[in-house]
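> Offset between the sequence shown (1-based) and the working numbering: plus 38.
I am attaching a structure below and will ask some questions about it afterwards.
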Amino acid sequence: MILADPLREMAKFFSPAPAGRSRGSADFSAAQILVLFGVLSLITAIPVITNPLPPLEDYANHLARMSVIANLGHDPNLARFYEIQWEIVPNLMMDLTVPFLVRFVNIYVAGQLFLISTFVLIISGAMALHRALHGRWSVLPLIAFPLLYNRVFLIGVTNYQFGIGIALWGLATWVALREKALPLRLFVSTLFVLVLFFCHLFAVGVYAVGLLAFELWRLEYLGDGAAL
Numbered sequence: 039m040i041l042a043d044p045l046r047e048m049a050k051f052f053s054p055a056p057a058g059r060s061r062g063s064a065d066f067s068a069a070q071i072l073v074l075f076g077v078l079s080l081i082t083a084i085p086v087i088t089n090p091l092p093p094l095e096d097y098a099n100h101l102a103r104m105s106v107i108a109n110l111g112h113d114p115n116l117a118r119f120y121e122i123q124w125e126i127v128p129n130l131m132m133d134l135t136v137p138f139l140v141r142f143v144n145i146y147v148a149g150q151l152f153l154i155s156t157f158v159l160i161i162s163g164a165m166a167l168h169r170a171l172h173g174r175w176s177v178l179p180l181i182a183f184p185l186l187y188n189r190v191f192l193i194g195v196t197n198y199q200f201g202i203g204i205a206l207w208g209l210a211t212w213v214a215l216r217e218k219a220l221p222l223r224l225f226v227s228t229l230f231v232l233v234l235f236f237c238h239l240f241a242v243g244v245y246a247v248g249l250l251a252f253e254l255w256r257l258e259y260l261g262d263g264a265a266l
C-alpha cells in the first residue's frame, strides 16, 4: 500500500534509539525526556492557564473575532452587525480551530488551549527534528522552553507561532523520509505547506528556508550521495 512505507518509517522514527548505541553519563531515556517535556510544558503554561485573557497585544482582538464566528449563527444581535465571508487566505488557523473548541468550552478556555497547543507544537517539533537529524531523543531541545515567551508571542501573532510548530514537524518529517521516493516526500511536504499557508505565509517561508538549509548541507557534506 502507498502509506505502508512512510508509516513504517515514522514508527522507526518514534522508537527509542537502538540498545547497542553507546550512551553518555548525561543521556536521558526517552521516558525521562517525555516526563521532563510534560513537566516543563505545564510550568510554561501556568501564565496562560491563570489568566483568562493573557495580556498579548493582538490577542483580545483575535479572541473577539473567534467569539463572533462561534456565536454568530445563534445570536441575532451579532447577526445585525456581522456576517462571515470565508475566503482562501492565510492566517485562518485560529479562526478554523478556536470556534470549533467553543462547542465544548468557553471562549477563554478555547483561546488558552490554542496558545498552549502552540507551545507544545514548537517544543515537540524541535525535539522531533533533533531526533530525525541525530537518530536519538535528547534533552537539548528543551532549552527552548524559556524562549517561548518572546516578543513575537507577546505581540499576539498566534497564527504565526502555531505555524512555527507545524513547520518544525514538517522539517522533521522531511528528514525522516529523506531516503524515500521523491514523489512521496513531495506529497507529504505539500500537505504541510497547505497547513502552513492557513497559519501564516512567514511560516511557509520558515519551512522553505529549513528545507533549503538541510538540502544544501547534504550537498556540502554528502556530495553526490545527496541527490534527489
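We treat Cβ as the ideally placed atom computed from N, Cα and C, and that holds for glycine.
All of these numbers come straight from a predicted model, not from anything done at the bench.
Leaving out five residues on either side along the sequence, give the residues of the same chain with a beta carbon under 8 Å from the beta carbon of Val244.
Excluding sequence neighbours, Val244 sits near Gly201, Ile202, Ala205.
> Near Val190, which residues of its chain fall below 8 Å by C-beta distance, leaving aside the five closest residues on each side in sequence?
Excluding positions up to five away in sequence, the list reads Tyr198, Gln199.
> Looking at the structure shown, is Asp133 part of a helix, part of a strand, or coil, going by DSSP?
Helix.
> With distances taken from CA atoms, which of Leu209, Val77, Asn144 is nearest Ala251?
When each option's Cα is compared against that of Ala251, the closest is Leu209.
> Quick check on Gln123: does DSSP put it in helix, strand or coil?
Three-state result, Gln123: coil.
> According to the neighbour-count rule (16 or more other Cβ atoms, all chains shown, within 10 Å of its Cβ), is His168 buried or exposed?
Buried, by the Cβ-count rule.
> What distance in whole Å lies between the Cβ atoms of Phe230 and Pro128, which are believed to be in contact at a cut-off of 8 Å?
The pair is not a contact, with the Cβ atoms about 14 Å apart (cut-off 8 Å).
> How about the segment 211-224 and the segment 106-123: do they share at least three Cβ pairs that are nearer than 8 Å?
Contact fails: fewer than three Cβ-Cβ distances are below 8 Å.
> Is it true that the CB of Pro184 sits closer than 8 Å to the CB of Ala164?
No.
> On the three-state DSSP scale, how would you describe Phe252?
DSSP places Phe252 in helix when its eight states are reduced to three.
> Rounded to a whole number of angstroms, what is the C-alpha to C-alpha distance between Leu153 and Ile71?
Each residue's Cα considered, the two are about 22 Å apart.
> Count the other CB atoms within 10 Å of the CB of Tyr97; is the residue buried (16 or more) or exposed (fewer)?
By the 10 Å Cβ count, Tyr97 comes out buried.
> Can you give me the C-alpha to C-alpha distance between Ser18 and Tyr187, rounded to a whole angstrom?
With the chain running from 39 to 266 in the structure shown, residue 18 is simply not present.
> If you draw a straight line from the alpha carbon of Leu254 to that of Ala170, how long is it in whole angstroms?
Using only the alpha carbons, I get a separation of about 17 Å.
> What does the Cβ neighbour count give for His22, buried or exposed, with the cut at 16 atoms within 10 Å?
Any answer about residue 22 is impossible in this case: the structure gives the chain only from 39 up to 266.
> Give every residue of the same chain whose Cβ lies closer than 7 Å to the Cβ of His238, excluding the five residues on either side of it in the sequence, and list them in chain order.
Excluding residues within five positions, the ones whose Cβ falls inside 7 Å are Pro128, Asn129, Asn197, Tyr198, Gly201.
> Nearest to Trp124 by CA position, among Leu116, Asn115, Leu139, Ile107, is which residue?
Answer by Cα proximity: Ile107.
> Can you give the beta carbon distance from Val136 to Gly149, rounded, assuming they're within the 8 Å contact cut?
Right, the Cβ-Cβ distance comes to about 6 Å (below 8 Å), so this counts as a contact.
> Would Leu134 be called buried (16 or more neighbouring beta carbons within 10 Å of its own) or exposed?
The residue in question, Leu134, is exposed, as its Cβ has fewer than 16 Cβ neighbours within 10 Å.
> What is the DSSP secondary structure of Ala246, reduced to helix, strand or coil?
Three-state DSSP puts Ala246 in a helix.
> Would you check if the distance between the CB atom of Gly194 and the CB atom of Leu80 is smaller than 8 Å?
No; because the gap between Cβ atoms is not below 8 Å, this pair is not in contact.
> Jot down the residue ranges of each uninterrupted alpha helix (DSSP H) in the segment 172-206, minimum 4 residues, whole runs only, in chain order.
Qualifying alpha helix (DSSP H) stretches, in chain order: 189-193.
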